[in-house]
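> According to the numbering used here, the residues represented by the sequence shown are -13 to 714, in order. The C-beta atom is built at its ideal place from N, Cα and C for all residues, glycine as well.
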Amino acid sequence: MDYLSDLNPAQREAVTAPPGPILVLAGPGSGKTRVLTRRIVYRIDQLGATPDAIMAVTFTNKAAREMMARLDNLQGPEQTERSSLRSLNIGTFHSLCARILRREAEVMPFTHDFVIFDEADQRSLLRQIFKDLNLDPKQVQPRRVHDAISRAKNELTDIETLVAESYFQEITHRVFERYQQLLLANNALDFDDLLQYVVLLLEGDANVRGRYQARFQHILVDEFQDTNTAQYRLLSLLAGDRPDLFVVGDPDQSIYRWRGADYRNVRRFQENYPGAQTILLEQNYRSTQTILDVAMAVIDRNTGRQKKELFTVRGVGERVVLHEAYDENDEGSYVVDTIAMFTLSDAYDPGDCAIMYRTNAQSRALEEAFLRANLPYRLVGAQRFYGRREVKDIIAYMRLIHNPMDQVSLLRVINTPPRGIGAKTIDQLLQTADTLDQAPVQVLISLVEDSQAAMFDAFSGRARKSLLDLAEPLSRWLGEKDRIGLLDLMDTVISDIGYRQYLDDGTDEGLERWENLQELRRVAFDMGELDLTLFLEQVALVSDQDTLTEDQNAPTLLTLHSAKGLEFPVVFIIGLDDGALPHQRSFDDAESMAEERRLFYVGVTRAKDRLLLTRAFRRRMAGPSMLSEPSRFLLDLPPALIDGDLPGPHNWIGTTYRQQTTWEAPHKKPIEPRFRAGMRVRHPVFGEGIVISTQVDFDDEEISIEFVDAGLKNLVASMANLEIMDDA
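1. Which runs of the beta strand (DSSP E) spanning at least 3 residues fall entirely within the segment 216 to 270, listed in chain order?
2. Using the beta-carbon count (16 or more within 10 Å), is Ala576 buried or exposed?
3. Would DSSP call Lys594 helix, strand or coil?
4. May I ask you to report which of helix, strand or coil DSSP gives Lys467?
5. Is the distance from the Cβ of Ala355 to the Cβ of Val322 below 8 Å?
6. What does the Cβ neighbour count give for Phe96, buried or exposed, with the cut at 16 atoms within 10 Å?
7. In the segment 16 to 52, which residue ranges form an unbroken beta strand (DSSP E) of at least 3 residues, counting only runs that do not cross its ends?
8. Ala340 lies in the beta strand (DSSP E); which residues open and close that run?
9. For Phe693, write down the residues that DSSP places opposite it in a beta bridge.
10. Between the segment 268 to 287 and the segment 23 to 30, can you find at least three pairs of beta-carbon atoms closer than 8 Å?
11. How many whole angstroms separate the CB atoms of Pro659 and Val682, which I take to be in contact at a CB cut-off of 8 Å?
12. Please determine, among Pro426, Ala425 and Leu456, the residue with the shortest C-alpha to C-alpha distance to Ile407.
13. Compare the beta carbon distance of Arg272 and Glu553 with 8 Å and say whether it is the shorter of the two.
14. So Leu22 and Asp208 are supposed to be a Cβ contact under 8 Å. How far apart are they, rounded?
15. What span of residues does the alpha helix (DSSP H) with Arg358 cover, start to end?
16. How close, in whole Å, do the beta carbons of Ser73 and Asp38 come, if the pair is a contact with beta carbons under 8 Å?
17. Taking the DSSP output, what are the residues bridged to Pro616?
18. Identify whether Leu74 lies in helix, strand or coil by the three-state DSSP scheme.
19. Would a C-beta distance cut-off of 8 Å place Tyr320 and Thr600 closer than the cut-off?
20. Do you know whose CA, among Arg56, Ala12, Glu435 and Arg499, lies nearest Ile26's CA?
21. So what does Ala311 bridge to, in DSSP terms?
22. In this structure, does DSSP put Leu516 in helix, strand or coil?
23. For Val101, tell me which candidate among Met327, Tyr(-11) and Leu518 has the shortest Cα-Cα distance.
24. From Arg448 to Gln417, what does the alpha carbon distance come to, in whole angstroms?
25. Based on DSSP bridge pairs, tell me the residues matched to Glu709.
26. Taking Ile8 as part of the beta strand (DSSP E), name the residues at either end of that continuous run.
27. At which residues does the alpha helix (DSSP H) containing Thr542 begin and terminate?
28. Excluding the 5 residues flanking Leu(-10) on each side, which residues of the same chain have their C-beta closer than 8 Å to its C-beta?
29. Alpha carbon to alpha carbon, how far is Leu430 from Ser461?
30. Hey, could you find the ends of the beta strand (DSSP E) Ile205 is sitting in?
31. Find out if the Cβ-Cβ distance for the pair Ile76, Ala35 is shorter than 8 Å.
32. Would Asn389 be called buried (16 or more neighbouring beta carbons within 10 Å of its own) or exposed?
33. Entirely within the segment 289 to 336 and at least 4 residues each: give me those alpha helix (DSSP H) ranges in chain order.
34. May I have the straight-line CA-CA distance separating Phe45 from Leu520, to the nearest angstrom?
35. Can you tell me which of the three DSSP states Val702 falls into?
36. So, helix, strand or coil for Glu156, using DSSP?
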């Protein structure tokens, strides 16, 4: 059993524990993936489990791939067919639930070829609903309603039991009901539906529940602290009365409460399975002891947690640096200059460095600093590959071919590339489909079969011709989709619609967009064994971390939330000012403040060798730049471990800029605002949007804009290059 030889005592205890409910509390960098993979092998090798009876659940496709790669390395070529790991059920909660729903579609209110709507599709559907229900998005934000719907689904609250005790809740109830109707009309599910429908299926049918309990006899769960109510209920239903349930997590790293994650599920596990064995993994293989001691000093202030004593054999390491900048621009320059110094001294490569921050808006000053220095950087969580316009266009075509009921995809592609199909023609098409109780695609196919049918009298001859420009190739693709491969189908679509000519307009941007499509073709080629259904499923479930490439030797810029599961030799955490980190929204809520502390803890424990913390004497929060107070988390840091001036218990009179700067910046006459709420604007990258709010900051104007495709963005007027479309 060589796979046990390199385990420390706690890891070995976890891997070789007898079957039953087991809770592994794994500190950061403690080798939890190693424990999970070795547990699977041990379960098969020594405890007699068959691979197809094992279900291992992760939270990202990247984590699932890493687990499978490690298992392949452990298996070796001499393994028998009986112990082959190919039949293991490894994947994310959502991907595993999608498989179950396709298998059980006969008893569900959708067919097996359902599509999964991503966030952009969901927002598009909400915009349609707000228009249909005559709701004003300025009075009730669609994003807020969508969040409420998602929370309800994660808490397994259905429409009938959703209490409407306020105007907002009443609006949410109405939108929720219509939202579900339109999802089913499109033969589509959102991410939350994947979980909720499986839970309802298992709760409602004892025979089906028994079948899946017999199939998934051994369940392993990664990042258990990030499970929500629906996921916890799903695991309980699959585990049954005699659970062989092996869960690994760390409540101290639970940072996704805003999307339904509940670290208290760890406590519920202990309560629901009182005989469960609890094992602590405290040896850290990532960080120096100084970094771990700083991390423990931060997290130990949270109450009601099981304390862990993190230790490492990597040595004490360098002290943590605390730097005080004048403002966010000075902060950005410090980060860039420090990375340049590390690089010039051959201490680290640029790609070894990561800069983390609380909110995406904080990346602006950093990006400007890198641009001024003419240095490259990688921005995580920006426009994802699968969120780019040209990629979403072709995927929408593929989804429409896969599921002709998908009206959202039809409306995206109906005039892309332009076919001269106007809004009036689209409305007539939808009305005709509604009158005939058919999907709009069915009406289009009828147009191919008989363009002079009475149902088309409402369309002008020109409108019919424009619709036929889409209907004729679509009819052909639908007939070919089961006869040709995935890549051939994609190439056929791109060729038939003349998409290369549409994209490649001779500009660098056009060439880049065409290159993005070539990358999508490579994805389809790499997935050559998958059919159209599985290809679209994998594309829909991909996450930001799944698209993070490792081939660019440049510093990584990312939020603290995006940093979960990653590690870097050098980590900068910027913005350690009250109101930024912890965020000002957490000031009046103890639970939110505890999560902010966990978020800082996660950031600290991403660092392997060096940790540098920065804050600013003046910081722009929501409006003009003003004096900022240091983060209260800095008060918890042990002075002996810090290079720099720590703040005092009430203020930071002894720090650099408070000592050296005794005057305010000279008064300037504020500029007049150019933009106002409700104004329609166009951005060269993000497209059309509506101004939500604007704030003058003396010499510039900050604007919040809800873009049709890109969502909410905060921009600076002097750099945004916005075109005012109308001043409604």
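A quick look at the data gives this:
1. Counting only runs of 3 or more, we get 231 to 235 and 263 to 267.
2. Ala576 is exposed by the Cβ-count criterion.
3. Strand.
4. In the three-state reduction of the DSSP assignment, Lys467 falls in the coil class.
5. For Ala355 and Val322, yes; Cβs fall inside 8 Å.
6. Taking all protein chains shown into account, Phe96 has 16 or more neighbouring C-beta atoms within 10 Å of its C-beta and is therefore buried.
7. Listed in chain order, they are 40 to 44.
8. For Ala340, the enclosing beta strand (DSSP E) begins and ends at Cys339 to Tyr343.
9. Beta-bridge pairing links Phe693 to Gly675 and Gly697.
10. With a cut-off of 8 Å, the segment 268 to 287 and the segment 23 to 30 do not count as touching, because too few Cβ pairs lie within range.
11. At roughly 5 Å, the Cβ-Cβ gap stays under 8 Å, so Pro659 and Val682 are in contact.
12. Each of Pro426, Ala425 and Leu456 was checked against the Cα of Ile407, and the nearest Cα belongs to Leu456.
13. For Arg272 and Glu553, yes; Cβs fall inside 8 Å.
14. In this structure Leu22 is in contact with Asp208, their Cβ atoms being roughly 6 Å apart against a cut-off of 8 Å.
15. Per DSSP, the continuous alpha helix (DSSP H) segment holding Arg358 begins and ends at Ser349 to Arg358.
16. Sure, about 4 Å apart at Cβ, within 8 Å.
17. Note: Pro616 is bridge-paired with Asp563 in the DSSP secondary-structure output.
18. Of the three classes helix, strand and coil, the one that applies to Leu74 here is coil, per DSSP.
19. Against a cut-off of 8 Å, the Cβ pair of Thr600 and Tyr320 comes out as a contact.
20. Out of Arg56, Ala12, Glu435 and Arg499, Arg56 has the C-alpha closest to the C-alpha of Ile26.
21. Paired residues: Ala602.
22. Reduced to three states, the DSSP call for Leu516 is coil.
23. Distance from the Cα of Val101 is smallest, within the candidate group Met327, Tyr(-11) and Leu518, for Leu518.
24. One alpha carbon belongs to Arg448, the other to Gln417, and they sit about 18 Å apart.
25. In the DSSP output, where bridge partners are listed per residue, Glu709 has Arg668.
26. From DSSP, the beta strand (DSSP E) with Ile8 extends over Ile8 to Ala12.
27. Counting along the chain, Thr542 falls outside any alpha helix (DSSP H), though it belongs to the beta strand (DSSP E) covering Thr542 to Thr545.
28. Once the five neighbours on either side are set aside, the close Cβ partners of Leu(-10) are Arg(-2), Val1, Thr2, Arg24 and Tyr28.
29. Taking the CA atoms as reference points, Leu430 sits about 8 Å from Ser461.
30. Note, Ile205: beta strand (DSSP E), His204 to Val207.
31. Their beta carbons are not under 8 Å apart, which means Ile76 does not touch Ala35 by this criterion.
32. Asn389 sits buried, since 16 or more C-beta atoms from the chains shown fall within 10 Å of its C-beta.
33. For the segment 289 to 336, whole alpha helix (DSSP H) runs of length 4 or above, ordered along the chain, are 314 to 330.
34. Cα to Cα, the separation comes out at about 18 Å.
35. Three-state result, Val702: strand.
36. DSSP places Glu156 in helix when its eight states are reduced to three.
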